[in-house]
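In order, the protein sequence lines correspond to chains A and B. Position 138 of the first sequence, counting from 1, maps to 138 under the numbering used here, and the rest follow consecutively. The numbering used here runs 1000 ahead of the 1-based position in the second sequence. Even glycine gets a Cβ: it sits at the ideal position worked out from N, Cα and C. Inspection log for the structure reproduced underneath, given as structure tokens.
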Amino acid sequence: MSSDQNIVLFRSVTVRYGRLTALRDISLEIPCGSSTAILGGNGAGKSTLLRAVLGWQSLAGGEIRIGDAHPRHARPRLSYVPQRHAVDWDFPITVRGVVEQGRYPHVGVFARLGLDDRRMVDGALEELGIADLADRQIRRLSGGQQQRVFLARAVAHGGDIFLLDEPFAGLDLFAAEELGHILREWEEQGRTVLAAVHDLDIARRSFTRGVLLDTTLVASGPIGEVLTAANIDRAYRHGRCVHAEALRGAQAGEPR
Amino acid sequence: MSALHDLLLAPFSYEFMRRGLLSAFLLGVSGGLLGCVLVLRRLALMGDALSHSLLPGIAAAWLLFGTSTAALFFGGLAAGLLTALGSALLSRLTRVKEDAAFGSLFIVFFAAGVALISKLPTRVNLADFLFGNVLGVSPSDLRLALVVSAVTVAVFVLFYRSILLETFDPVFHRATGGRGGLVHLGFLTLTVLNLVAAMQTMGVVLALGLFLLPAVSAYLWCDRFVTMLVTSVCLALLGSLVGILISFHAGLASGAAVVLCLGAVFVASALFSPRYGAIRTLRAGGKG
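Written out as structure tokens, the structure reads:
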């Protein structure tokens, strides 16, 4: 895959929750095979941007293209990794059980997982180094291992665009380093990574590109050029606590 | 030998006891499955509220059409779905959150049910209605249990993966094109169907026990979704059998007897489960 090609394209995208504008007139390009940190304060629109790429967000204006397609038609290419705290770690399920879920969308309702599916699952377990933990219940893992289970599910899903919602939240230093390492490897393999990130230092270390949001686009491009003192000041200067609360209310309809 | 025979087999020489047991078995299978989803999605209290809300529908149907199974069934179904959809709408259109909406609606419905029941002809035994009477299972009740149980099992077999995914990770389910809302609505409908079908043996107030207790016990033992489903069904069957026998010999309301048996299993599981029980947690010095 050539890296000068754009894989995700925003053309003046606007998203509103009722009267509240979550994203305002965003235009940006994500190059194929890049790793991009989506940055900004609470309520800046990081999650909204991810949801928009997944095709869950009806747009008040503009359009989003994944390759040549509308997000809804690009689902097989999109592999989503949820936030850690959104997961019920007490659920009666093993590591392999979670990773197999990545294959569910590819298997018909009445069919069973085939040989190819099992091979993909085994491959994903191997790649993330958790093959020996396959039969463990997911609570009985370290934080870093838990994170890798969901990365493996995304790999087993077989997409080439990975969307991660705050993947570094709740990880200790070692696990965060490890995750950064995995994401850099993915980039080298030509996978496109898009992750909402809170921590600017982590973003600098683990991603090559950045998108800085303040409901509007503050900057996008190579991470070093995005995270300048001037840009950071622009993005984080305003108190947006009120916004953040209202946004959370608008998303409360979500299960759990 | 003959004492054992009297204890275990003699009760089932009666036609109505065979019907009652079979009905409880059928609903134990479907309820054991449904209960797992209720427990894992943290809908246990909502299921309880839902079961209470069936009462006015059933009572109204009784007043209007008499004790025909079909009338009671559709009456209960209408009341249950009205409560579920009503509270979903309330929480979406007003400031009230879903749990408060559900809690408020179901208690109003339940009160309406109690009011209606007090207007029923006196020959109706309120206790049977609320707590179950295995003697009253008619052939048409049994047919209803058969249909409801078969539909529930079929849905679980066919949509196993969707149910697992929607229960474990609704966001991922949606990201991969799953219809979460549809699964949820279908699940609520199945719950109401099973509650109504279980009403005769278990009673309106206690029916949920047949669904919930086996599942929450199984939850304490199992590390896989499939094994939890199977364990839950087995416990529901066992509890129904023992409960109905006790109810026969001791002259107890059958719903209460079944729920108490399953309750004993749950308490034992909560204490002694080797991995997730209270004793193990205390010995290990706290949770985790």
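Pairwise C-alpha distance: residue j and residue i
| i | j | result |
| --- | --- | --- |
| A1218 (chain B) | L1229 (chain B) | 8 Å |
| A1071 (chain B) | G62 (chain A) | 53 Å |
| A1010 (chain B) | T1152 (chain B) | 31 Å |
| L1040 (chain B) | L227 (chain A) | 43 Å |
| A1243 (chain B) | C1261 (chain B) | A small correction: the amino acid at residue 1243 (chain B) is Gly; Ala does not occupy that position in the sequence shown. The alpha-carbon atoms of G1243 (chain B) and C1261 (chain B) are separated by roughly 6 Å. |
| A37 (chain A) | E29 (chain A) | 13 Å |
| S142 (chain A) | D165 (chain A) | 19 Å |
| F1074 (chain B) | L1213 (chain B) | 26 Å |
| R1143 (chain B) | F10 (chain A) | 57 Å |
| M120 (chain A) | V1259 (chain B) | 45 Å |
| V1155 (chain B) | D199 (chain A) | 45 Å |
| V99 (chain A) | A154 (chain A) | 8 Å |
| L194 (chain A) | V1233 (chain B) | 43 Å |
| L1165 (chain B) | F1172 (chain B) | 8 Å |
| G102 (chain A) | R1019 (chain B) | 44 Å |
| V149 (chain A) | A175 (chain A) | 13 Å |
| I138 (chain A) | F1159 (chain B) | 23 Å |
| I1163 (chain B) | G224 (chain A) | 45 Å |
| E1098 (chain B) | I64 (chain A) | 33 Å |
| G158 (chain A) | L1081 (chain B) | 39 Å |
Simplified DSSP assignment, three categories, for residue i
| i | result |
| --- | --- |
| R75 (chain A) | helix |
| S1240 (chain B) | helix |
| V1304 (chain B) | Residue 1304 (chain B) lies beyond the residue range present for chain B, which begins at 1001 and ends at 1288; the question has no answer from this structure. |
| I66 (chain A) | strand |
| V87 (chain A) | coil |
| F1012 (chain B) | helix |
| L1130 (chain B) | helix |
| T306 (chain A) | This structure cannot speak to residue 306 (chain A), because chain A is shown only from 1 to 256. |
| I1279 (chain B) | helix |
| L1054 (chain B) | coil |
| P1139 (chain B) | helix |
| P92 (chain A) | coil |
| I138 (chain A) | coil |
| A1270 (chain B) | helix |
| F1159 (chain B) | coil |
| N231 (chain A) | helix |
| M1017 (chain B) | helix |
| P1170 (chain B) | helix |
| E187 (chain A) | helix |
| I30 (chain A) | strand |
| V82 (chain A) | Looking at the sequence shown, residue 82 (chain A) is not Val but Pro. Note: P82 (chain A) maps to coil in three-state DSSP. |
| L213 (chain A) | strand |
| D165 (chain A) | strand |
Residue of the options minimising C-alpha distance to residue i
| i | options | result |
| --- | --- | --- |
| V1029 (chain B) | B:S1091, B:S1104, B:M1046, B:L1146 | B:L1146 |
| F1211 (chain B) | B:I1244, B:V1134, B:V1226, B:V1192 | B:V1192 |
| L1252 (chain B) | B:V1134, B:P1214, B:L1033, B:G1277 | B:V1134 |
| V1148 (chain B) | B:L1034, B:H1005, B:L1063, B:F1016 | B:L1034 |
| P167 (chain A) | A:A219, A:R84, A:G221, A:E187 | A:R84 |
| A203 (chain A) | A:P222, A:E188, A:W186, A:T216 | A:P222 |
| R19 (chain A) | A:D122, A:A60, A:D88 | A:A60 |
| L1055 (chain B) | B:R1179, B:L1120, B:T1281 | B:L1120 |
| L1190 (chain B) | B:A1175, B:L1208, B:R1174 | B:L1208 |
CB of residue i within 8 Å of CB of residue j, strictly
| i | j | result |
| --- | --- | --- |
| L179 (chain A) | Q145 (chain A) | no |
| G1031 (chain B) | A1270 (chain B) | no |
| S34 (chain A) | T192 (chain A) | yes |
| R77 (chain A) | G1177 (chain B) | no |
| A1198 (chain B) | G1113 (chain B) | no |
| F1187 (chain B) | V1037 (chain B) | yes |
| P31 (chain A) | C1222 (chain B) | no |
| A235 (chain A) | V211 (chain A) | no |
| G1103 (chain B) | A1049 (chain B) | yes |
| S1053 (chain B) | T1094 (chain B) | no |
| T216 (chain A) | D25 (chain A) | yes |
Contact set for residue i: own chain, Cβ-Cβ below 7 Å, skip 5 residues either direction
| i | result |
| --- | --- |
| A1078 (chain B) | G1057 |
| F151 (chain A) | Note that residue 151 (chain A) is Leu in the sequence shown, not Phe. Result list for L151 (chain A): V81, L128, I182, in chain order. |
| G239 (chain A) | Caution applies to G239 (chain A), whose pLDDT of 46 falls short of 50 and renders its modelled position unreliable; the value that the coordinates give is listed next. No residues qualify anywhere along the chain. |
| L1220 (chain B) | S1269, A1270, S1273, Y1276, G1277 |
| S206 (chain A) | G180, L183, R184 |
| L113 (chain A) | E100, R103, V107 |
Contacting residues, own chain, Cβ-Cβ under 6 Å from residue i (five flanking each side not counted)
| i | result |
| --- | --- |
| L271 (chain A) | Residue 271 (chain A) is absent from the model: chain A starts at 1 and stops at 256. |
| T1069 (chain B) | S1140, D1141, L1144 |
| R96 (chain A) | A134 |
| A1061 (chain B) | A1071, L1072, G1075 |
| D4 (chain A) | At D4 (chain A), the pLDDT of 49 sits below 50, so the modelled position is not reliable; the number obtained from the coordinates is stated separately. None. |
| G1239 (chain B) | V1258, C1261, L1262 |
| W186 (chain A) | V193 |
Cβ neighbours of residue i in the same chain (closer than 8 Å, five flanking residues each side left out)
| i | result |
| --- | --- |
| S1247 (chain B) | V1134, A1253, S1254, A1256, A1257, V1258 |
Closer than 8 Å to chain E by CB, residue i
| i | result |
| --- | --- |
| M1228 (chain B) | The structure shown contains no chain E; its protein chains are A and B. |
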